[in-house]
Amino acid sequence: MQSQNHYYAVIFTSGLNKKIEGYEEMANRMEQLAKSQDGFLGIESARNEIGITVSYWQTLDDIKAWKTNSEHLLAQKKGIEEWYDWYNVKICKVEREYSKS
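397 is the number of the first residue of the sequence shown in our numbering; add one for each residue after it.
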């Protein structure tokens, strides 16, 4: 993550149903696409029974642009209709960051 005053995190949590054909490929494609977007800072993801993906962005406008990206919109639709039993999205402003390397 870049060192700066503040940035934004999009926290996406989800539960998959049993019909996951094509899900992993789409998730990988969306990660690559997100990395090419203006304002993208990074991504962290883990999946077990619950999936958690946190993407980091410079501005709220960058998040809005990602949300409305045409390819991302198609992936969202497919996720809602086919893959997710449930999902939740939270957008947060990150004021500080601490880490150990």
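We put the beta carbon where it would ideally sit given N, CA and C, even for glycine.
How is Y494 classed by DSSP in three states: helix, strand or coil?
Start at 1 with the first residue of the sequence shown, and residue 494 comes out as number 98. Here Y494 sits in coil by DSSP.
Only counting the same chain, and skipping five residues up and downstream in sequence, which positions put a Cβ closer than 6 Å to that of Q433?
One-based indexing of the sequence shown puts residue 433 at position 37. Closer than 6 Å at Cβ, skipping near neighbours: W462.
Using 8 Å for Cβ pairs, my map puts I446 next to T409. What's the rounded Cβ distance?
On the sequence shown, residue 446 is found 50 positions in, with the first residue counted as 1. On the sequence shown, residue 409 is found 13 positions in, with the first residue counted as 1. With a Cβ gap of about 6 Å, I446 and T409 count as contacting.
DSSP on K415, reduced to helix/strand/coil?
Within the sequence shown, residue 415 is the residue found at index 19, counting from 1. Three-state result, K415: coil.
Considering only C-alpha positions, which residue in the set C488, R492, I448 and Y452 is nearest to W482?
The residue labelled residue 482 in the question sits at position 86 within the sequence shown. W482 has its Cα closest to that of I448, out of C488, R492, I448 and Y452.
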